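Heads up, the thing below is written out as structure tokens.
Chains as they are written, first to last, in this note's numbering: chain Y, 1 to 557; chain V, 558 to 1114.
Following this line, the structure appears as structure tokens:
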């Protein structure tokens, strides 16, 4: 009997978390499926969990072990959590990359920055054009989101049709780019959809989503009413929002100035690729200095409180010749991504302390989400009528809620967090294998496995502080503690006494009392030193620090 | 001419931040005012800003320098950000403490835990009873909030009446304790209020606040409809909420079990002080094991995602003999305090992964705030008609917004963040002095000044990792690098080579080439070592680590 061909789905990132999207599809006999990869995104570290780490990359070990079976890489859109890891991981993948024009520009830049050949990125036309990749036929179907040219993928295989929604919302007036196209999705559904892999970000929001175009009026009003300078920040990649903001400025007779590398690059790329037309003229920060503040509008990066972005710089003082002051308005036309609340509040407070009126989305007028709310998800389910719904782009609770919604609506809902391989063509479709996957930290230029102890060690140092002790062995009989250095610990104990000195004294006494066996055994000696250091520190400052002991034994002469 | 007596206000904490409340009032000739202190609260550290720190305490140096002038300490209510630092700072203050019964119990415990005499805490009666303290006459006026016996302070001095609102909301049906009392506040306003120092937490919320009593119906319904076990978490100190939750459980025929030390203590204290009556009977976790899960309700600590609390423990697995499973409901009857979003989401996702239905306040049914929304703040302004309004209990943007609101309503609005001394009796009233204040970190048992480098050093270790290098000088001529130890750094460079070994080799070469002057000068030698270590690390792993160099020079024999 010939082995059955199967159609598999395996999330390596983005399922069980929001961000770091990375999904494998496969078709063929079990263990010999031909593969495609959809999106190669990054996640963002925080001090709480990954101090010092630059980016979080998906663990693609499963895929690199099977790189010879990889037919192509498809990028749905140019957000960092979908394309940001491409440069860092491409050398392990080496397959042709496909994306629409605007996204392809960003993908090429990612490769260039990593010293890879950008020529491997192929521009794909929009649906109904198709890319053939092994047994896969993939169409980029335009879908509304918060960045130009976002696409769902219509993936055809001999095992059936899969729709990978990518990030999406239902927006009939998205300001730039194609409106949500019911007719297109009707066509896609016509021949039957085996599985819908579907964005779950906003599954808990029960009201229908709002259109990007609804923001023009309130933003225009806000800018028109302002007396001083207006500064607005949003996600650099939300080119439609940039246009709305810029037009609100122009309508109020204000000159425009963009600040922040990412934002200028986005506008340039959007203009070059033709997705953005009629963007009002822009002054450089230098040229904008002479514009009276009542006639000026800055559009700047840093809506998430990033320390190095323009918003943060302006909250601290003069930046590129501009300084906010009493009477200015600072608009956060953005939502705060969970985890960034404290950083954003810090900047908003610093601005308020300078007398600036800070306006944010809490009033409900100045931001709309790029993701489908629950009723819009349901509309998409109804349009596509898939047999199986596998929620992605969500934390576990989002996946669960979305799968339950699918079941309520008569579909098969499958919860598949990262590492869960699903046989979409099974009878019934469902999970078939659990792959052990980790995540990879980009730390400087090094790739560090998240399971390795490196970052945990760093957190221990941050939480406990460190005592470095040097033990000198001069003749294998008399050990002495020659130095103790404290890092991240108070220098004085409660009574004001020198902590390092107290530890040195205690170690001297400890070494004096040591039996010979311990004295000549490095491991035992280190253990004795650690115990002594911790005892003193616990007594004097109430903490048990990390301890690093260096032993210097003189070479017998 | 005799010097004018003045009435001053000086926030040491709580103004320019939400939390860590600590306010000084003074009356008398400039520089010789008699003083009282209102609240001695703590702030909570986070990994982002204060790794390893246990609590943040207000910097009371200004006050301890004038401790002989301190007439008394008044505690408005028993929340940690109002009473939590009492034990840690009392030894520097030594003045009688006044609070109402329930709050006094908590204040006494704080002193006992710190080895101080709890007898110094005096129970004050409610308004119209008064405490005399030097030139101050202080009345505890009951006001609704999210903890029993919260009080505003009506502070009378020869310089006029000040109302210190404390944390409050306008709740006419607060479930336990006194409803908001318009008549009382009318009386307080009758003789004129010079200044209102007023809670600003919810100044950005434009709808009127909701009553604690409105939660009974939706919570009762939710619990009644549940099939499996119900677990509910909220702030342990919200005794009214605990009662609502417990009654919802009892009404659904469920046995109750409290988990978490803080929660059990709150209920006990509330019952002992008579503020809580008719709380349904409670089983111990052991006795509750035999109750069928459909007949059981756990009320647990950990609504903010605290790693050691019961909620977190239950999300990880069995806890005290109980384990959540598919079909259970877990209610977060609480809001997530900014900064805790990621921790809370982690627990909610872990619960969802166990098949639990997680319900939170996002639907708007299961939590109400303990703070007055903007219309309620305005109602309080109207009731009291103060001459001056000084917003407190808010970040800078809250203070600013609240002061602007005051100005719009014809009052004088004064923004006074921590360290700004305000002369409330001045002509006009306003800021008169800026005190340099820091904050104090409780780190283990040590008090560390926030401006000191200790915590910054810890953050550097966490962000950059550490290389410890041992340099041995055997005869003042030949230096050798005998060891390099890495902490929080990957052991292998990009090409797989041993990083410590590469650094040791580079140091050996560096030492060999060193001129004599550098070799014998510890500072210069350390600088040379640091440069070499960083050069190698930047090249090999793209990071510039912290470097600690130990030099062991042999004593000339």
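A virtual CB, placed ideally from N, CA and C, is assigned to each residue, including glycine.
On a predicted model such as this, the values are computed, not experimentally measured, just so you know.
Identification of residues in the region 1070-1101 of chain V having a C-beta nearer than 7 Å to some C-beta of chain Y yields 1098, 1099, 1100, given in sequence order. Within the region 195-250 of chain Y, the runs of beta strand (DSSP E) at least 3 residues long that lie entirely inside it are, in chain order, 195-199, 230-233. A contact is defined here as three or more CB-CB pairs under 8 Å, and the region 218-227 of chain Y fails this definition with respect to the region 429-449 of chain Y. Taking a C-beta distance under 8 Å as the contact criterion, residue 1019 of chain V and residue 305 of chain Y do not qualify as a contact pair. Scanning the region 834-871 of chain V for uninterrupted alpha helix (DSSP H) segments of 4 residues or longer gives 842-845, listed from N- to C-terminal end. Nearest to residue 1043 of chain V by C-alpha distance, out of V/1029, V/1021, V/1051, is V/1021. Judged by DSSP in its simplified three-state form, residue 532 of chain Y adopts helix.
Going by DSSP, residue 1101 of chain V is part of no beta strand (DSSP E) at all; its letter is neither H nor E. Taking a beta-carbon distance threshold of 8 Å, residue 1001 of chain V counts as an interface residue toward chain Y. Here DSSP, grouped into helix, strand and coil, assigns residue 980 of chain V to strand. DSSP, read as helix, strand or coil, puts residue 998 of chain V in strand.
Residues of the region 347-366 of chain Y that bring their beta carbon within less than 7 Å of a beta carbon in chain V comprise 348, 349, 352, 353, 358, 362, in sequence order. Chain-ordered, the chain Y residues with CB closer than 7 Å to the CB of residue 1020 of chain V read 51, 52. Not flagged as an interface residue toward chain V: residue 284 of chain Y, since no C-beta distance is shorter than 8 Å.
Rounded to the nearest whole angstrom, the C-alpha separation of residue 188 of chain Y and residue 178 of chain Y is 17 Å. Taking 8 Å as the cut-off, the Cβ atoms of residue 388 of chain Y and residue 300 of chain Y do not count as close. Secondary structure at residue 76 of chain Y: coil, using DSSP grouped into helix, strand and coil.
Under the DSSP assignment, residue 455 of chain Y falls in the alpha helix (DSSP H) whose first and last residues are 454-464. For residue 36 of chain Y, the three-state secondary structure derived from DSSP is strand. Assignment of residue 436 of chain Y by DSSP, reduced to helix, strand and coil, places it in the coil class. Taking a 10 Å sphere around the C-beta of residue 115 of chain Y, we find fewer than 16 other C-beta atoms and assign the residue as exposed. Close CB contacts of residue 904 of chain V within its chain, under the 7 Å cut and outside five residues either way in sequence, are with 862, 868, 869, 872 (chain order).
Scanning V/832, V/1031, V/865 for the CA closest to the CA of residue 1076 of chain V turns up V/1031. DSSP links residue 157 of chain Y through a beta bridge to Y/160. For residue 570 of chain V, no CB of chain Y lies under 8 Å from its own CB, so it is not counted at the interface with that chain.
Take residue 958 of chain V, set aside five residues on each side of it, and the residues of its chain with a beta-carbon closer than 7 Å to its own are 760, 761, in chain order. Bounds of any alpha helix (DSSP H) do not take in residue 698 of chain V; it lies within the beta strand (DSSP E) bounded by 693-699. Under the three-pair Cβ rule at 8 Å, the region 99-111 of chain Y does not count as touching the region 60-72 of chain Y. According to DSSP, residue 582 of chain V shares a beta bridge with V/566, V/593. Flagged as an interface residue toward chain V: residue 494 of chain Y, by a C-beta distance shorter than 8 Å.
Relative to the Cα of residue 321 of chain Y, the nearest Cα in the group Y/287, Y/240, Y/541 belongs to Y/287. Within chain V, the residues placing a beta-carbon under 8 Å from that of residue 338 of chain Y are 898, 899, 902, ordered along the chain. Put simply, the CB of residue 552 of chain Y is near chain V, with a gap under 8 Å to one of its CB atoms.
Annotation for residue 165 of chain Y: 152, 198, 199 place their beta carbon closer than 6 Å to its own, counting only its chain and skipping 5 residues before and after. Using a Cβ-Cβ distance cut-off of 8 Å, the region 541-553 of chain Y and the region 573-592 of chain V are not in contact, since fewer than three pairs of beta carbons, one from each stretch, lie closer than that value. Here DSSP, grouped into helix, strand and coil, assigns residue 655 of chain V to strand.
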